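Student: Plus 3 on top of the position in the sequence shown (first one is 1) and you've got the working numbering. Take this structure, written in structure tokens, and hold onto it; I'll ask about it next.
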Amino acid sequence: MKTEVPVFLIVTPAFNSAGFIDETILSVVSQAGAFRIRYHVQDGGSTDGTVAALERWASRLGSGTFPLLCSGVEFTFRSEPDTGMYDAINRGFAHLNPAGAEHMTYINSDDRLFPGALQFAASVFGESPEIAWLGGRPCEMNEKGELMQIHEEQVYPTASLQAGLHDGRSLPFVMQEGTFWRSALWIKAGGFRTDLRQAGDWDLWRRFAAETSYYSVDVILAAHRRHEDQLTADKGVYYREVDQVSGDECVGLYASELTRFRAWEGDSEEDCEGRYFGRFLRFRPDARHAGGGRWVAAQRAYRTNLKSSIAVTNGFTNVTIPAEFDTGFGPTCDADLAHNLLSGFRVSTSATGSLRFHARRDGLHRIFLHLRNFDAGVRLTLCNRSRILLDAELPVTGYERDCLAIAESVFTQGPNVISIAFSGSDPRKVPVLIVASCEAMCTI
Numbered sequence: 004m005k006t007e008v009p010v011f012l013i014v015t016p017a018f019n020s021a022g023f024i025d026e027t028i029l030s031v032v033s034q035a036g037a038f039r040i041r042y043h044v045q046d047g048g049s050t051d052g053t054v055a056a057l058e059r060w061a062s063r064l065g066s067g068t069f070p071l072l073c074s075g076v077e078f079t080f081r082s083e084p085d086t087g088m089y090d091a092i093n094r095g096f097a098h099l100n101p102a103g104a105e106h107m108t109y110i111n112s113d114d115r116l117f118p119g120a121l122q123f124a125a126s127v128f129g130e131s132p133e134i135a136w137l138g139g140r141p142c143e144m145n146e147k148g149e150l151m152q153i154h155e156e157q158v159y160p161t162a163s164l165q166a167g168l169h170d171g172r173s174l175p176f177v178m179q180e181g182t183f184w185r186s187a188l189w190i191k192a193g194g195f196r197t198d199l200r201q202a203g204d205w206d207l208w209r210r211f212a213a214e215t216s217y218y219s220v221d222v223i224l225a226a227h228r229r230h231e232d233q234l235t236a237d238k239g240v241y242y243r244e245v246d247q248v249s250g251d252e253c254v255g256l257y258a259s260e261l262t263r264f265r266a267w268e269g270d271s272e273e274d275c276e277g278r279y280f281g282r283f284l285r286f287r288p289d290a291r292h293a294g295g296g297r298w299v300a301a302q303r304a305y306r307t308n309l310k311s312s313i314a315v316t317n318g319f320t321n322v323t324i325p326a327e328f329d330t331g332f333g334p335t336c337d338a339d340l341a342h343n344l345l346s347g348f349r350v351s352t353s354a355t356g357s358l359r360f361h362a363r364r365d366g367l368h369r370i371f372l373h374l375r376n377f378d379a380g381v382r383l384t385l386c387n388r389s390r391i392l393l394d395a396e397l398p399v400t401g402y403e404r405d406c407l408a409i410a411e412s413v414f415t416q417g418p419n420v421i422s423i424a425f426s427g428s429d430p431r432k433v434p435v436l437i438v439a440s441c442e443a444m445c446t447i
């Protein structure tokens, strides 16, 4: 009995894409494996040679002269006016007419699928019927197609996805390229909103999350190209659309879920019963398996940053208060394991800054500041208003160890701001320090 091979429905929206469209199409039709591809490019009426390129591909793929590495490729295109990228994608998938059993993705006309991406998705979907939506590690390339960055693997909890928190401001994006789903999920969600110009992916992901879980995979399936002319360069439009949808439709869900997430993130006593655990796949070697192993599902908490420490002394246990970095420091950084730095560390950007501690009660608090210093003669000063809490010269630590700076201050319940200043032997040079962590503990 003949076994039916999986079918991929793939759409590329295009408009004046002559500079990159050949590379994108090649990355799709050269995929190798036991599957069929139905690939449609929906062009918005290009005038730069894009249509001519599509005609060449249609001729070559239709003639049988292109060396296929999969079970078959059906290539089609149409050029007609549309109302935007998401209208084009909806039109493309309508042409392919998903029936519920296929696998789907779309790839923009300047992005690229990586070799093996479709076979990987086909294998996972084939072996794991409970998985309906997956994606690999976010990867970026420059205009010339050179890889720029492979981002850390993330997990995407269903609760935060459904609430829309993964908008790039509160929590990381779900990158579109390299994301695959079953066509039954697409049919149930209803496709893209065509009134959105840039936030359509974000909106579709939150509707997908109302139906199923997203599975992260620690592999590279596609790359997003960064260049000056791309539509997503204007983040202002994107965030206005996110805010509009959040305000119009989510009815406070975004704000309430963000508040709940921040409480869980900042307080190790807030468990949330696995609410912020996300699903992921890990490869488990197994010589008995045809592929040398198999991908197995697991779950873990969203972020890898350590939560606040739990301080224990004789007869006393207390959760420390994490510092909020108001000014003087850059954003949190990804882990740098080569230098023994966990994710969440920060680098100073100014000679002065401020830290904010939200005390749970009045009383004397002890502040612990783990930092790295690379220059001789650097002095650290901590103040609470006009009172100097610490004024000391820092040892040179390099990356080999931390300097633990300790100070004490009376806090009142609620926010307390501590000013921080660094000065070096050369007044013209601003010292650069790394703060690995900063927290405070009530001593009573």
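Using N, Cα and C, we set each Cβ at its ideal position, and we do this for glycine too. In this text the structure is predicted, and so the values were computed from the model without any measurement.
#1: Terminal residues of the continuous beta strand (DSSP E) containing Gly356?
#2: At what residues does the beta strand (DSSP E) containing Leu137 begin and finish?
#3: The alpha helix (DSSP H) that contains Phe123, what's its start and end?
#4: Just verifying my parser: in three-state terms, what is the DSSP assignment at Pro430?
#5: Whose C-beta lies closer than 8 Å to the C-beta of Gly427 among residues of the same chain, with five residues either side of it excluded?
#6: Are the beta-carbon atoms of Asp114 and Arg243 separated by less than 9 Å?
#7: Could you tell me the boundaries of the alpha helix (DSSP H) in which Asp90 lies?
#8: In three-state terms, what does DSSP make of Gly171?
#9: Once DSSP output is grouped into helix, strand and coil, what is the label at Leu64?
#10: So, with DSSP's three-state summary, where would you put Thr53?
#11: Find out if the Cβ-Cβ distance for the pair Ala362, Gln416 is shorter than 9 Å.
#12: Could you please give me the residues that DSSP links to Trp298 through a beta bridge?
#13: Taking a contact to mean a Cβ-Cβ separation below 9 Å, would you say Ser357 touches Thr330 in this structure?
#14: CA-CA distance, Glu146 and Ala314?
#15: For my contact list, Phe123 and Val222 are in at a C-beta cut-off of 8 Å; report their separation, rounded to the angstrom.
#16: Taking just the CA atoms, how far does Ile370 sit from Glu442?
#17: Could you compute how far the alpha carbon of Cys445 sits from the alpha carbon of Ala354?
#18: Does the pairing of the region 162 to 174 with the region 118 to 133 give three or more beta-carbon distances under 8 Å?
#19: For Tyr279, name the three-state secondary structure that DSSP assigns.
#20: In whole angstroms, what separates the C-alpha of Glu411 from that of Phe360?
#21: Helix, strand or coil: which one does DSSP assign to Gln247?
#22: Among the candidates Arg263, Gly139, Met88 and Val399, whose CA atom is the shortest distance from the CA of Ser163?
#23: Using the three-state DSSP reduction, which class does Phe264 fall into: helix, strand or coil?
#24: Which same chain residues end up closer than 8 Å to Trp298 when comparing Cβ atoms and leaving out the 5 residues on each side of it in sequence?
#25: Is the beta carbon of Leu374 closer than 9 Å to that of Ile437?
#26: Quick check: what's the CA-CA separation for Thr323 versus Leu345?
#27: Less than 9 Å between the C-beta atoms of Leu12 and Phe96, yes or no?
Tutor: So, from the listed chains and residues:
#1: Thr355 to Ala362
#2: Trp136 to Gly138
#3: It spans Ala120 to Glu130 - the alpha helix (DSSP H) in which Phe123 sits, taken as one unbroken run.
#4: The answer is coil: DSSP assigns Pro430 none of H, G, I, E or B.
#5: Asp378, Gly380, Val381, Arg382, Val433 and Pro434
#6: no
#7: Met88 to Leu99
#8: Of the three classes helix, strand and coil, the one that applies to Gly171 here is coil, per DSSP.
#9: helix
#10: helix
#11: yes
#12: Trp298 has Phe286 as its beta-bridge partners, per DSSP.
#13: yes
#14: 50 Å
#15: 7 Å
#16: In a straight line, the C-alpha of Glu442 is about 6 Å away from that of Ile370.
#17: 28 Å
#18: no
#19: coil
#20: 13 Å
#21: helix
#22: For the options Arg263, Gly139, Met88 and Val399, the alpha carbon positioned closest to that of Ser163 is the one of Arg263.
#23: Of the three classes helix, strand and coil, the one that applies to Phe264 here is helix, per DSSP.
#24: Ser126, Val127, Glu130, Ser131, Val220, Leu284, Arg285, Phe286 and Arg287
#25: yes
#26: 18 Å
#27: yes
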